[in-house]
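For any residue, its number in my numbering is found by taking its place in the sequence shown, counting from 1, and adding 2.
Comments concern the structure below.
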Amino acid sequence: MSGRMMKTNDGDRLSQILPRLAEGEEERISIGDLVARLDHRAHTTLLVLFALPNVLPAIPGTSAFTGLPLVYLSLQLMLGQRPWLPGFIANRSFTREGLASVLAQAKPWLERSERFLHPRLGLLTRGRMEQAVGLLIFLLAVAVVLPIPFGNMLPALAIIFLSLGLLEEDGLWIILGLVTMAVGVVVFSTLLWALFKAAVFVFLGAFGYAP
3 MSGRMMKTND
13 GDRLSQILPR
23 LAEGEEERIS
33 IGDLVARLDH
43 RAHTTLLVLF
53 ALPNVLPAIP
63 GTSAFTGLPL
73 VYLSLQLMLG
83 QRPWLPGFIA
93 NRSFTREGLA
103 SVLAQAKPWL
113 ERSERFLHPR
123 LGLLTRGRME
133 QAVGLLIFLL
143 AVAVVLPIPF
153 GNMLPALAII
163 FLSLGLLEED
173 GLWIILGLVT
183 MAVGVVVFST
193 LLWALFKAAV
203 FVFLGAFGYA
213 P
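Right, here's the structure in full:
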């Protein structure tokens with residue numbers, strides 16, 4: 003893992019910061035390197051970064067790769083600790099070309115979102131509320147990790163909304179994240195119920211009891 007830190011201006015917004023992660027000459031970049039480069043930007047930027055691939059099209063199987071960093075980072079946010087990942091996660095890597103592709107897809111969406119992000123309803127983004135939001139993101143991150151078909155998109159989207167709300171101190175986006183989380187719970191429960199019914203149908207069919 004490279005110890006080189008990414009130079010950024012504190013006034014830069016997320017849509018300007020993230021594409022710089024794909025700059026450089028290395029063929030592959032590790033998760034630990036990304037954490038090191040974004041350390042001073044705190045948990046929220048990292049949470050957005052690892053949630054993004056789960057909501058972008060044509061990137062199957064990303065939850066197995068990005069889910070664990072989301073779990074660890076959200077738990078640390080909840081506990082008020084610095085971002086840190088164990089070696090078995092930090093040493094995982096992916097191609098710079100693949101990272102550039104993901105960030106290129108995300109940049110227009112982030113730029114449009116930033117037009118509507120403004121400091122407001124600050125009580126929902128500071129102090130104990132930040133840790134409470136960290137708990138919600140942790141629960142969503144666990145849902146992202148679970149191998150439920152199409153079950154990780156809405157939790158990942160809710161993580162992005164909540165993280166952007168904390169990052170820009172915009173309580174309205176915290177509310178938007180909560181609404182998305184509620185919709186995700188409904189969809190997630192429906193998927194689990196459908197899988198349970200399918201499993202019962204197959205089980206009964208194996209013994210000749212299927213209707």
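Just so it is clear, CB atoms sit at the ideal spot from N, CA and C, and this is done for glycine as well.
Remember, predicted model here, so these are calculated numbers, not experimental data.
Residue 191 sits exposed, since fewer than 16 C-beta atoms from the chains shown fall within 10 Å of its C-beta. Our two residues, residue 40 and residue 50, have alpha carbons roughly 12 Å apart in a direct line. The distance from the Cβ of residue 31 to that of residue 96 is about 7 Å, consistent with a contact at the 8 Å cut-off. Residue 96 sits in a strand when the DSSP states are folded into three classes. In this structure, the alpha-carbon of residue 75 lies about 42 Å from that of residue 206. Apart from the 5 residues on each side of it in sequence, residue 123 sits with its Cβ closer than 8 Å to the Cβ of 172, 173, 174, 176 and 177 in its chain, given in chain order. In the DSSP assignment, residue 31 falls outside any alpha helix (DSSP H) and lies within the beta strand (DSSP E) extending over 30-32. Comparing alpha-carbon positions, the option among 204, 140, 188 and 187 lying closest to residue 73 turns out to be 140. Judged by beta-carbon spacing, residue 37 lies within the 7 Å limit of residue 85, meaning their Cβ atoms are closer than that value.
In this structure, the alpha-carbon of residue 155 lies about 22 Å from that of residue 80. In this structure, the CA atom of residue 101 is about 32 Å from the CA atom of residue 194.
With fewer than 16 other beta carbons inside 10 angstroms of its own, residue 121 counts as exposed. Beta bridge pairing from DSSP links residue 122 with 172.
For residue 135, the enclosing alpha helix (DSSP H) begins and ends at 130-147.
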